[in-house]
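Residue numbering for the sequence shown follows numbering that gives the first Met the number 0, beginning at 0 and increasing consecutively.
Using N, Cα and C, we set each Cβ at its ideal position, and we do this for glycine too.
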Amino acid sequence: MPPGKRRPKRAHERPKKIPPQCSAVTRSYNACKNRATILRARGGLPVCWAHRKLGLTVAFCQAAVPGGNRKCLKKIPWTEIQLCFEHIDFALPCYILRLPVELRQHIFSYILDEYQSSYAKFYTYFTFRKVACLNRQIFEDATDVLYRNLVCDIYLSGKVVYILGRTCHSIQPGSWQRFKQITFRFDISGDISSREPILENVKLIASHLRDSNLIKLNVCLGSYYFWYNYSRSVEVISNSLSLYLDAFRPVGRVREPSVVICPRLQDRSNEIELWMKSRSNDTKSTAMAMEWRRYYEEWTENLKRGCREDGA
């Protein structure tokens, strides 16, 4: 520039800085299109005049940046999504799934404690999953905790089936399959015509429980023969036991299977064997009691085998 010539005024002016966009969010969770006119203190977010009264809590975008093991960490107003508008379609990592299964279930036991204590015992169809809106893995963990200590009571009488006290005209898959403790109650003193419907229903229920890992399977048998004091009752019961219990073999994964008399005569695991021996002292009754003992040990071993194979 020639000496003595003054520099233009515009040359001394710095380029005007464009204010950042407002960090507030509209009601439809869209970014505010206004420019920020108020700059918050350090750690705050810039907002426009319309959103000046919003007490925005600062959060950081948790989206993983492609091409590197780092996060976006852009400052955004706090929301449950915690994603900036650039990464709004990204899927957030699920941190709870990184925890061990035992720790996750321990957390769920606290969360579901109140829900479990007030749980309505009736026949439902996966309503908990619809209410919880969870992904499949968290759903499996939570339902395992929820149904572990609840007992599903199934009563069979002829063609009628009662699940959790409600009459079921057809046995369909439902939340009853999620229970870890199941009790069956039915009478075995009827003739062949009354046995067939019970056996068919037991086989159908067992087919629905084929892939379940049950903690307890309790079979409660009722019959007026248990109260008769003669050897004929031992023979009738002995012939009926294997017929009914074989229907439970498809379940295959039970930690603690048991068969008891209902109502209980003795609070012992071998009460049926003791009942057979107490009805008569003849050789035939003793032989049937020993045969029942062998069958019962083999039956329980067969149901437990699936649990041991899974744990191996």
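Restricting to Cα atoms, I'd like to know which of Phe138, Pro196, Pro262, Asn68 is closest to Ser174. Locating residue 174 in the sequence shown gives position 175, counting from the first residue. Out of Phe138, Pro196, Pro262, Asn68, Phe138 has the C-alpha closest to the C-alpha of Ser174.
Of the residues Leu242, Leu102, Thr25, Val253, which one's Cα is nearest the Cα of Arg194? Sequence index remark: in the sequence shown, residue 194 carries index 195 (1-based). Among Leu242, Leu102, Thr25, Val253, the Cα nearest to that of Arg194 is on Leu242.
Can you say whether Gly164 is buried or exposed, counting buried as having 16 or more other CB atoms within 10 angstroms of its CB? One-based indexing of the sequence shown puts residue 164 at position 165. Gly164 should be labelled exposed.
Can you tell me the Cα-Cα spacing of Lys16 and Ala23, whole angstroms? The residue labelled residue 16 in the question sits at position 17 within the sequence shown. The residue labelled residue 23 in the question sits at position 24 within the sequence shown. Cα to Cα, the separation comes out at about 21 Å.
Do you know offhand how far Gly251's Cα is from Ala205's? One-based indexing of the sequence shown puts residue 251 at position 252. One-based indexing of the sequence shown puts residue 205 at position 206. Near 9 Å, if we compare the C-alpha coordinates of Ala205 and Gly251.
Mind checking Ser192: buried by the 16 CB within 10 Å criterion, or exposed? Translated into the one-based positions of the sequence shown, residue 192 becomes position 193. That one is exposed.
Do you know how far the Cα of Lys179 is from the Cα of Leu149? What you label residue 149 is simply residue 150 of the sequence shown in a count that begins at 1. What you label residue 179 is simply residue 180 of the sequence shown in a count that begins at 1. Taking the straight line from one Cα to the other gives about 7 Å.
Using only CA atoms, which one of Ala90, Trp274, Gln176, Trp291 lies nearest to Ile214? Residue numbering aside, residue 214 sits at position 215 when the sequence shown is read from its first letter. Among Ala90, Trp274, Gln176, Trp291, the Cα nearest to that of Ile214 belongs to Gln176.
So, for Asp143: in the same chain, excluding its five sequence neighbours on each side, which residues have a beta-carbon less than 7 Å away from its beta-carbon? The sequence position of residue 143 within the sequence shown is 144, counting from 1. If we look at Asp143 and ignore the five residues flanking it on each side, its Cβ neighbours are Gln104.
Enumerate, from N- to C-terminal direction, the unbroken alpha helix (DSSP H) stretches of 4 or more residues contained entirely within the segment 257 to 302. 270 to 278
For Cys21, count the other beta carbons within 10 Å of its own beta carbon; 16 or more makes it buried, fewer makes it exposed. Which is it? Along the sequence shown, read from residue 1 onward, the residue named residue 21 stands at position 22. The residue in question, Cys21, is buried, as its Cβ has 16 or more Cβ neighbours within 10 Å.
Determine the contact status of Tyr224 and Ser237, defining contact as a CB-CB distance below 7 Å. Translated into the one-based positions of the sequence shown, residue 224 becomes position 225. Translated into the one-based positions of the sequence shown, residue 237 becomes position 238. Contact: no.
Over the uninterrupted alpha helix (DSSP H) stretch that includes Gln104, give me the two end residues. For the purposes of this step, residue 104 is taken as the residue at position 105 of the sequence shown. Residues 100 to 110.
Can you look up Tyr94 in the DSSP assignment and give me helix, strand or coil? Residue 94 sits at position 95 when you count from the first residue of the sequence shown. Three-state DSSP puts Tyr94 in a helix.
Val160 and Asn200 closer than 7 Å at C-beta: Taking the first residue of the sequence shown as 1, we reach residue 160 at position 161. Taking the first residue of the sequence shown as 1, we reach residue 200 at position 201. A contact, by the Cβ cut-off of 7 Å.
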